[in-house]
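Chains as they are written, first to last, in my numbering: chain A, 153 to 286; chain B, 153 to 286.
Right under this line is the structure:
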């Protein structure tokens, strides 16, 4: 699958669509086809390199189930060739009425390459626990 | 304090030195003097903007105590104007013989500006828990 994303946002939309659809091919089309990519998912070690990132999502998608997320924009940091997006990810729970899990921060970094904007880094970190009522 | 860091590594060295020394002035000299900076420390919300980042470290340093860290290199991702450094941070415990806390991942992003390489993003995320012996 060869895609050309005109903007970092186009690449990001494709990334979350592929996560939701559990499409490995679509997902790996968003990642840069280079070995300096890195991915940090909750409770996982930092995964580096095209081969290991592919293996990670192959493993995640092996159940055939996607990960639908509500993504809330926090900040873009833009340079001519690198775009950094801070967002908050909220997993949409499979069953209505169940309380959603704690959201995660995600930082997505895109680089403008000959083949368009590509994801080079996806990092998750927990949000602080909710404040307890007094 | 006006500094000029010739390389991203120079800026990073100054950052961790300032953390250890609890020097707010030295620390804020490493951060870009712009409002698109972001800082995510363990258990804190994502802090954005020069003013709020200054307030965060003012609060952290208020006890007059620095944070000595052992920093282990994982990966550099380099473009002409942006440098991304993935490292592992290990707090050096104040008392010898006490087990160190779980290390953290850190991702530091530097941008080449008119005033040299400056820190624009510092993100922490937990490393996975150690594997239990079986």
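Glycine included, each C-beta is placed from N, C-alpha and C at the ideal position.
Coil, strand or helix - residue 177(A) by DSSP: If DSSP states are grouped into helix, strand and coil, residue 177(A) belongs with the helices.
Quick one: what's got a C-beta closer than 7 Å to residue 225(A)'s C-beta in the same chain, skipping five residues either side? If we look at residue 225(A) and ignore the five residues flanking it on each side, its Cβ neighbours are 239.
Does residue 162(B) come out as helix, strand or coil in the three-state DSSP assignment? In the structure shown, residue 162(B) sits in a helix (DSSP, three-state: H, G or I).
Between residue 266(A) and chain B, is the shortest Cβ-Cβ distance under 8 Å, so that the two count as touching? Not one chain B Cβ lies under 8 Å of residue 266(A).
Neighbouring residues, chain B, relative to residue 255(A) (Cβ below 8 Å): None at all; the shortest Cβ gap to chain B is about 11 Å.
Can you check whether the CB of residue 231(B) is closer than 8 Å to the CB of residue 254(B)? Residue 254(B) is not a Cβ neighbour of residue 231(B), given a cutoff of 8 Å.
What residues in its chain sit with their C-beta under 6 Å from that of residue 220(A), if we drop five residues either side in the sequence? The answer, listed in chain order, is 172 and 244.
Of all Cβ atoms in chain A, is any one closer than 8 Å to the Cβ of residue 208(B)? Closer than 8 Å: no.
Distance between residue 282(A) and residue 185(A) (C-alpha atoms, nearest Å): Cα to Cα, residue 185(A) sits roughly 38 Å from residue 282(A).
Ignore the nearest five residues each way along the sequence and tell me which others in residue 261(B)'s own chain have a CB closer than 6 Å to its CB. Taking residue 261(B) as the centre and dropping the five residues before and after it, the same chain places the C-beta of 236, 272 and 273 closer than 6 Å to its C-beta, in chain order.
What are the residues that DSSP puts in a beta bridge with residue 287(B)? In the structure as shown, chain B starts at 153 and stops at 286, and residue 287(B) therefore has no counterpart that could be examined.
Assigned exposure category for residue 228(A) - 16 Cβ within 10 Å defines buried: Classification of residue 228(A): exposed, given that the 10 Å Cβ count is below 16.
Limits of the alpha helix (DSSP H) - the one that residue 344(A) falls within: Nothing can be reported for residue 344(A), as the shown portion of chain A is limited to 153 through 286.
Assign residue 263(B) to buried or exposed, taking buried as 16 or more other Cβ atoms, counted over all protein chains shown, within 10 Å of its Cβ. For residue 263(B), the number of other beta carbons within 10 angstroms of its own is at least 16, and it is reported as buried.
Excluding the 5 residues flanking residue 159(A) on each side, which residues of the same chain have their C-beta closer than 7 Å to its C-beta? Within the same chain, and ignoring the five residues on either side of residue 159(A) in sequence, the residues whose Cβ sits closer than 7 Å to its Cβ are 269.
Which bits of chain B does residue 277(A) rub up against, with CB to CB less than 7 Å? Simply 192, 275, 276 and 277.
Measuring CA to CA, which of 180(B), 179(B), 212(B) and 181(B) is closest to residue 193(B)? Residue 193(B) has its Cα closest to that of 212(B), out of 180(B), 179(B), 212(B) and 181(B).
Can you look up residue 198(B) in the DSSP assignment and give me helix, strand or coil? It is coil, neither helix nor strand.
Taking the alpha-carbon positions, what's the residue 266(A) to residue 233(A) distance? Between the C-alpha atoms of residue 266(A) and residue 233(A) there is a straight-line separation of about 11 Å.
To the nearest angstrom, how far is it from the Cα of residue 215(B) to the Cα of residue 166(A)? Approximately 46 Å between the Cα atoms of the pair.
Rounded straight-line distance, which links the Cα of residue 222(B) to that of residue 203(A): Cα to Cα, the separation comes out at about 29 Å.
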